[in-house]
Amino acid sequence: MSAVNDTKFQPAVFLLTGIPGQEDIHVWISIPFCLMYVTSILGNSVILFIIKTDPTLHEPMYIFLSMLAVTDLGLLISTMPTILGIFWFNSREISHDACFAQLFFIQSLTLTESSLLSSMAFDRYVAICNPLRYASILTLPRITKMGLVSLLRGVVVIFPLPILLKQYKYCQVNILSHSYCLHQEVMTMACSNIRVNIIYGFFIIVSSVGLDLLLILLSYVMILKTVLSIASHAERLKALNTCVSHVCVVLVSYMPGIGLSVIYRFVKSSSPLLQNILGNVYLLIPPLVNPIVYSMKTKPIRARIIRVFIK
Numbered sequence: 655m656s657a658v659n660d661t662k663f664q665p666a667v668f669l670l671t672g673i674p675g676q677e678d679i680h681v682w683i684s685i686p687f688c689l690m691y692v693t694s695i696l697g698n699s700v701i702l703f704i705i706k707t708d709p710t711l712h713e714p715m716y717i718f719l720s721m722l723a724v725t726d727l728g729l730l731i732s733t734m735p736t737i738l739g740i741f742w743f744n745s746r747e748i749s750h751d752a753c754f755a756q757l758f759f760i761q762s763l764t765l766t767e768s769s770l771l772s773s774m775a776f777d778r779y780v781a782i783c784n785p786l787r788y789a790s791i792l793t794l795p796r797i798t799k800m801g802l803v804s805l806l807r808g809v810v811v812i813f814p815l816p817i818l819l820k821q822y823k824y825c826q827v828n829i830l831s832h833s834y835c836l837h838q839e840v841m842t843m844a845c846s847n848i849r850v851n852i853i854y855g856f857f858i859i860v861s862s863v864g865l866d867l868l869l870i871l872l873s874y875v876m877i878l879k880t881v882l883s884i885a886s887h888a889e890r891l892k893a894l895n896t897c898v899s900h901v902c903v904v905l906v907s908y909m910p911g912i913g914l915s916v917i918y919r920f921v922k923s924s925s926p927l928l929q930n931i932l933g934n935v936y937l938l939i940p941p942l943v944n945p946i947v948y949s950m951k952t953k954p955i956r957a958r959i960i961r962v963f964i965k
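Mind the numbering: the sequence shown is residues 655 to 965 in this note's numbering, read in order.
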């Protein structure tokens with residue numbers, strides 16, 4: 655009888671949310687979202703095309719950038735069906751298995767991107783602090799291994815989360831506050847004891863994202879130490895200018911995610927609209943901004959884009 659009751663009262667789906675309170679104009683709201691998706695997909699595709707077709711860009715910095723572009727495209731594909739489905743067709747229902755699969759791809763790709771950003775910081779550190787050994791340290795096989803390790807770490811670390819979530823009972827109204835599934839929120843929908851998920855989620859943040867941020871910070875401390883020892887003011891600016899794009903991308907990538915985690919863990923009475931907006935910024939803005947930043951601030955890529963479109 656207990657098993658029957660559990661099945662009876664356990665909802666088969668989660669309900670996703672568009673923009674709270676703006677349901678009547680979802681079709682109009684979908685226009686800027688479509689523009690963001692199209693711009694992000696085109697921007698990252700152009701970056702990949704230019705790096706692939708220009709032999710002069712087959713250098714460590716640009717190979718890491720191409721990996722970042724692929725990761726951003728994966729994030730866009732992971733969220734686009736549910737977000738646009740809500741705005742266009744009011745398709746709010748998502749099965750538990752589909753939700754767990756979506757949050758797995760979102761979280762693993764996000765963690766992979768975090769690893770790639772730390773690898774890119776290491777690239778800048780070697781280029782500025784040890785330029786004579788740059789080519790011998792960051793060889794193509796080593797870069798490939800770093801990329802594979804980043805992807806493997808994201809998959810292995812996140813893989814237990816959907817498995818744990820699948821074991822729980824969901825016996826209440828499961829209305830999520832985003833247009834996609836996010837682990838921090840889905841686990842709070844469970845009626846079971848979610849202590850394991852909370853502890854493991856905190857472990858992921860500290861051991862993975864926290865470690866990546868620490869490595870990025872240490873890289874830039876060493877970079878600043880080296881740059882400040884350069885006598886020429888012009889050479890200092892030139893060295894720092896090669897890091898501007900990466901610093902901008904790091905800030906855009908980490909700040910919304912940190913803000914969202916803080917809201918879910920420490921702010922109990924936060925506005926659903928604030929959570930929703932920050933959640934969209936967390937996933938949609940980095941893939942949009944990354945190619946724009948690198949196109950504007952990286953001279954070889956900017957010049958190559960101009961040549962392509964002038965032709």
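The beta-carbon is built from N, C-alpha and C at its ideal position, and this holds for glycine as well.
Cβ-based neighbour list, residue i, same chain, cut-off 6 Å, excluding 5 preceding and 5 following
i: ARG890; result: VAL881 and ILE884
i: PRO808; result: Sequence check: residue 808 is Gly here, not Pro. For GLY808, where only same-chain residues beyond five positions count, the Cβ hits under 6 Å are SER762, LEU765 and THR766.
i: ARG958; result: ILE704 and ASP708
i: PRO940; result: VAL906 and SER907
i: ALA775; result: ILE870 and SER873
CB of residue i within 8 Å of CB of residue j, strictly
i: LEU730; j: LEU830; result: no
i: LEU757; j: LEU805; result: no
i: SER694; j: ILE705; result: no
i: VAL811; j: SER862; result: yes
i: VAL904; j: ILE870; result: yes
i: LEU722; j: LEU770; result: yes
i: LEU914; j: MET690; result: no
i: CYS902; j: VAL840; result: no
i: SER899; j: THR952; result: yes
i: TYR822; j: ILE848; result: yes
i: ASP678; j: SER772; result: no
i: LEU738; j: SER684; result: yes
Nonlocal neighbours in the same chain, by C-beta distance under 8 Å from residue i, ignoring five residues either side
i: ILE740; result: LEU670, THR671, GLY672, HIS680, ARG746 and SER833
i: ILE917; result: SER924, LEU928, GLN929 and LEU932
i: THR733; result: GLN756, ILE760, SER833, TYR834, LEU937 and LEU938
i: LEU792; result: PRO714, ASP777 and VAL780
i: MET655; result: Since pLDDT at MET655 reaches only 40, below the 50 mark, its modelled position is unreliable, and the value read off the structure follows with that caveat. Cβ within range, chain order: n/a, list empty.
Contacts around residue i, its chain only, beta-carbon distance under 7 Å, and the 5 residues preceding and following it disregarded
i: ALA657; result: Note that ALA657 scores a pLDDT of 44, beneath 50, so its modelled location is shaky; the value from the coordinates is reported in the next line. Within the same chain, ALA657 has no close Cβ partners at all.
i: ILE859; result: SER915
i: ARG956; result: SER949 and MET950
i: CYS783; result: MET876, ILE877 and THR880
Host beta strand (DSSP E) of residue i (start-end)
i: PHE813; result: Unbroken run through PHE813: none, as it is neither H nor E.
i: GLU1000; result: There is simply no residue 1000 to check, as the chain begins at 655 and stops at 965 in what is shown.
i: LEU669; result: 667-669
Rounded separation between residue i and residue j - CA only
i: LEU794; j: ILE717; result: 9 Å
i: GLY728; j: MET876; result: 32 Å
i: PRO926; j: LEU818; result: 26 Å
i: ASN895; j: ASN744; result: 46 Å
i: THR736; j: ARG961; result: 37 Å
i: ARG787; j: ARG796; result: 14 Å
i: MET950; j: ASP726; result: 18 Å
i: LEU702; j: VAL692; result: 15 Å
i: SER768; j: ALA666; result: 33 Å
i: GLY855; j: SER886; result: 47 Å
i: ALA789; j: CYS688; result: 41 Å
i: ILE853; j: LEU872; result: 27 Å
First through last residue of the alpha helix (DSSP H) which encompasses residue i
i: LEU689; result: 680-707
i: LEU932; result: 926-951
i: ASN895; result: 887-895
i: PRO674; result: From DSSP, PRO674 is part of no alpha helix (DSSP H); its letter is neither H nor E.
>> Quick check for students: name the residue ranges of the alpha helix (DSSP H) that lie wholly in the region 822-874, counting only runs of 4 or more.
In response: 837-840 and 849-858
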